[in-house]
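Here is the structure we will look at.
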Amino acid sequence: MMARLGLSAFLIASFVTPVFAADAQTQRQAIEVGRNLAKSHCATCHAIGKRGQSPNPQAPRFATLAQRYPLDNLAEAFSEGILVGHGPMPEFQFEPGQIDGLIAYLRSVQGPMKRTKRRTSK
Ligand code: HEC
Numbered sequence: 289m290m291a292r293l294g295l296s297a298f299l300i301a302s303f304v305t306p307v308f309a310a311d312a313q314t315q316r317q318a319i320e321v322g323r324n325l326a327k328s329h330c331a332t333c334h335a336i337g338k339r340g341q342s343p344n345p346q347a348p349r350f351a352t353l354a355q356r357y358p359l360d361n362l363a364e365a366f367s368e369g370i371l372v373g374h375g376p377m378p379e380f381q382f383e384p385g386q387i388d389g390l391i392a393y394l395r396s397v398q399g400p401m402k403r404t405k406r407r408t409s410k
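Our numbering applies: residue 289 is where the sequence shown begins, and numbers increase by one.
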């Protein structure tokens with residue numbers, strides 16, 4: 289009986305923990321992908337970090353985007369080739385993995401005033 293309990297505790301510990309670790313790892317990687325994309329594709333106009341002003345004053349700072357849009361909606365805009373009718377902003381076409389990355393990155397730099405709905409579950 290004890291041995292059995294011990295075994296399931298072991299199984300749970302060895303099974304569940306890596307899953308969480310892998311999630312956090314995936315999340316970090318996604319953010320990294322997004323950060324690199326933002327640096328190479330967006331930083332010429334947008335302030336991409338938590339602070340700073342956009343080089344192009346018309347371009348919203350990434351840290352405030354969630355105040356204008358639910359970030360989830362942006363995923364769709366990105367996948368459809370952002371963004372029709374937005375002035376000087378060039379059109380981009382991204383792979384799903386890159387889009388996830390950008391959204392994860394944008395989420396990671398949102399300022400304290402974010403007003404998007406909190407996601408209850410993943
Ligand atoms: C050449 C300059 C430029 C680059 C490069 C650029 N943007 Fe923009 N972006 C703008 C400008 C200017 C606006 C504001 C347009 C407006 O409000 O009409 C804008 C607006 C946006 C918006 C808000 C759209 C809206 O409807 O208000 C998002 C989201 C955005 N950019 C994301 C990005 C991302 C992500 C990248 C990189 C992949 C990027 N931008 C690269 C200039 C740029």
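Glycine residues also receive a C-beta, built at the ideal position from the N, C-alpha and C atoms. In this text, all values refer to a predicted model and were calculated from it rather than measured experimentally.
In terms of side-chain proximity, the C-beta atom of A363 is found no nearer than 7 angstroms to any non-hydrogen atom of the ligand HEC.
Per DSSP, Q355 is one residue of the alpha helix (DSSP H) stretching across 353-356. A distance below 8 angstroms separates the beta carbons of V397 and F350.
DSSP, read as helix, strand or coil, puts T332 in coil. Here DSSP, grouped into helix, strand and coil, assigns G385 to helix. Less than 8 angstroms divides the Cβ of P348 from the Cβ of H334. Leaving aside the five residues that flank L353 on each side, the residues in its chain whose CB is nearer than 8 angstroms to its CB run, in chain order, L359, L362, L394, Q398.
By alpha-carbon distance to E368, the top candidate from F382, Y357, Q355, L390 is F382. Rounded to the nearest whole angstrom, the CA to CA distance from A326 to A309 is 25 angstroms.
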